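In my numbering, the protein residues as written are -14 to 264. Yeah, the Cβ is synthetic: ideal placement off N, Cα and C, and Gly gets one too. None of the values given here were measured: they were computed from a predicted structure. Here the structure comes first, spelled out in structure tokens, and everything after it is commentary.
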Ligand SMILES: [Mn+2]
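Okay, here's the thing in structure tokens:
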């Protein structure tokens, strides 16, 4: 297995002139714990060939990722299915860009090779129709959560990752499950999850000479206008929790001199198409 290295992350994505439709989504949290959400994503992917020139996934595609070597081992599960579907879409000519989130930060080059995807740096600047659009998962924008930012630094360290990945899959799986349980407990005890910091976002835009930022992570979908600057927050996907029907896609359609932006919620459609979950 090839080790991921920073240099393989794309920092700048220049959209070819022929791209007419780009689909962006984040925080899908796919995996065995979310069978309906995963099924809806797979069905959506199967319809995407020819409709989207690029699919940009801005982090937390998976609820957890314990290492790319998972894909080399049986039993085949939702992780394998998602990768197979991405590979099929890539094979049909769709560019697939994947940014890593706070849950699937271990996604690496082996995963990318199997899916026919390109790993994107965070942030990554998308150049589209004369616009510079900063793409990020968004966790690093939540500067009020210092404890998380410290952990983020630890788990993104190459040596920490090498040590973690050197353990057997089963041990990694158990550690990840324990970490998720702990994080759920911490979140439940907090009144509100940390939000992205507007001043930090403005700094990022200044640094990348851009006026448009798209990110996820906070699960607070909306548009924030600040003067001439736009920050768009993507929604998370959840079709498994009772009463939830969120599966939002942001479409960018470049035309001459401007970009058309649409939000599409697949949640409503998918909730109807799938049988009610047995409780
Ligand atoms: Mn996240």
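- Counting C-beta pairs closer than 8 Å gives fewer than three between the region 55 to 69 and the region 141 to 152, which falls short of the contact rule.
- In chain order, the residues positioned with their C-beta nearer than 5 Å to some heavy atom of ligand 1 are 45, 86, 87 and 202.
- In the structure shown, residue 76 falls within a helical segment according to DSSP collapsed to helix, strand and coil.
- Per the Cβ contact rule, the region 74 to 87 is in contact with the region 25 to 37 (3 or more Cβ pairs under 8 Å).
- Secondary structure at residue 51: coil, using DSSP grouped into helix, strand and coil.
- Here residue 138 carries a helix assignment [DSSP, helix/strand/coil].
- Per DSSP, reduced to three states, the secondary structure at residue 92 is coil, with no helix or strand assignment.
- Residue nearest to residue 21 within the set 187, 239 and 223 is 223 (criterion: CA-CA distance).
- For residue 228, the closest of 253, 210, 212 and 134 by C-alpha to C-alpha distance is 253.
- Looking at the backbone, the Cα of residue 102 and that of residue 18 are separated by about 24 Å.
- For residue 239, there is no enclosing alpha helix (DSSP H); the enclosing beta strand (DSSP E) covers residues 231 to 240.
- The beta carbon of residue 96 lies closer than 6 Å to those of 53 in the same chain, with the five residues before and after it left out.
- Secondary structure within the region 101 to 133: the beta strand (DSSP E) runs of 3 or more consecutive residues, fully enclosed, are 103 to 113 and 116 to 121 (chain order).
- Unbroken alpha helix (DSSP H) runs of no fewer than 4 residues, entirely contained in the region 148 to 225, are found at 154 to 174 and 183 to 192, following chain order.
- Taking 8 Å as the cut-off, the Cβ atoms of residue 220 and residue 182 do not count as close.
- In the same chain as residue 91, and ignoring 5 residues on each side of it, the C-beta atoms closer than 6 Å to its own belong to 50 and 52, in chain order.
- Per DSSP, the unbroken beta strand (DSSP E) holding residue 243 starts and ends at 243 to 250.
- Rounded to the nearest angstrom, the gap between the Cα atoms of residue 71 and residue 86 is 18 Å.
- In the three-state scheme derived from DSSP, where H, G and I count as helix and E and B as strand, residue 46 is classed as coil.
- Rounded to whole angstroms, the Cβ separation of residue 233 and residue 206 is 6 Å, and the two are in contact under 8 Å.
- Counting only the Cα atoms, residue 157 lies some 9 Å from residue 151.
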